[in-house]
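Going by our numbering, 16 is the number at position 14 of the sequence shown; the sequence numbering is gapless.
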Amino acid sequence: VTVSVKDSVAFYDRNALRVREELETLARNEAPGIGADTVEALGPPANGEQRYAAWRCSR
3 VTVSVKDSVA
13 FYDRNALRVR
23 EELETLARNE
33 APGIGADTVE
43 ALGPPANGEQ
53 RYAAWRCSR
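Rendered as structure tokens:
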């Protein structure tokens, strides 16, 4: 799953922690749409974009 948000507005960079939290929330929201219930970041965010592995864990 690849998600993205704006990491800057005009000439101002957004708070990195806030961007990371929004990316994680978007990835979690996308997971059920592809039948997954778990996501894990594959690397750090770059330019407002981040890739996540998504899978379904059996219980």
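Just so it is clear, CB atoms sit at the ideal spot from N, CA and C, and this is done for glycine as well.
Selection from the options that minimises the alpha carbon distance to residue i
{"i": "THR40", "options": "ARG58, LEU28, ASN49", "result": "ARG58"}
{"i": "GLN52", "options": "TYR14, GLY35, PHE13, ALA18", "result": "ALA18"}
{"i": "TYR6", "options": "GLU26, ALA12, ASP15", "result": "Residue identity differs from the one stated: residue 6 is Ser in this sequence, not Tyr. Of the listed residues, the one whose Cα sits closest to SER6 is GLU26."}
{"i": "SER60", "options": "ASN49, GLU32, GLY37", "result": "GLY37"}
Cβ shell of residue i (< 7 Å), same chain only, five flanking positions each side left out
{"i": "ARG22", "result": "PRO47"}
Residues near residue i by beta carbon distance below 6 Å, same chain, minus five either side
{"i": "ALA55", "result": "GLU42, LEU44"}
{"i": "LEU28", "result": "VAL5"}
Contact under 9 Å by Cβ, residue i with residue j
{"i": "VAL3", "j": "GLU32", "result": "yes"}
Inset, instruction - Can you check the stretch 17 to 58 for any alpha helix (DSSP H) of at least 4 residues that lies completely inside it and give the ranges in chain order? - result: 18 to 32
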